[in-house]
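Taking the numbering used here, the leading residue of the sequence shown gets -3, the next gets one more, and so forth. The structure appears right after this line, and notes come after that.
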Amino acid sequence: MLGSNDWKNLQEKFLSIASEKLNLMEQALSKKDFSLVQLYAHQLKGSGASFGFDEVTEIAGQIEVKCMQNSCEEVIELVKKLNELVKVLKSNLQSG
């Protein structure tokens, strides 16, 4: 069974990986590569809830749908929103 410190470490690791994926999403967005953005969003959607971050899963799911619709402006805004959320979650974990 995981202790609270182990769980917190896993959550921090997930958020670190999420930040990396978000950087990759932004690079893909700059190239208008919606299929790659969709792939990264799908990966975050699948793992976010597993680590207790339901809002990450929700926003990543929205990004995935908007990518399928080629809604560039909406995807950009959602990626920004997810990036800010991940920063807040990281900060909360570090201070908590």
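Here a beta-carbon is modelled for each residue, glycine too, at the ideal position from N, C-alpha and C. What you are looking at is a predicted structure, and each value in this text was computed from that prediction instead of being measured.
{"Item": "For F47 and Q7, believed in contact at Cβ under 8 Å, the rounded distance", "Value": "5 Å"}
{"Item": "Extent of the continuous alpha helix (DSSP H) run through N19", "Value": "0 to 26"}
{"Item": "Candidates S43, L85, A45, E22: closest to V33 by CA position", "Value": "E22"}
{"Item": "Pick from C68, E69, L35 that is closest to G57, judged by C-alpha positions", "Value": "L35"}
{"Item": "Neighbour-count burial assignment, K83, 16 or more Cβ in a 10 Å radius", "Value": "exposed"}
{"Item": "Endpoints, the alpha helix (DSSP H) within which Q34 is located", "Value": "30 to 44"}
{"Item": "Cβ separation of L25 and V75, assumed to be a contact under 8 Å, to the nearest whole Å", "Value": "6 Å"}
{"Item": "Inter-residue spacing [alpha-carbon to alpha-carbon] between S87 and I59", "Value": "23 Å"}
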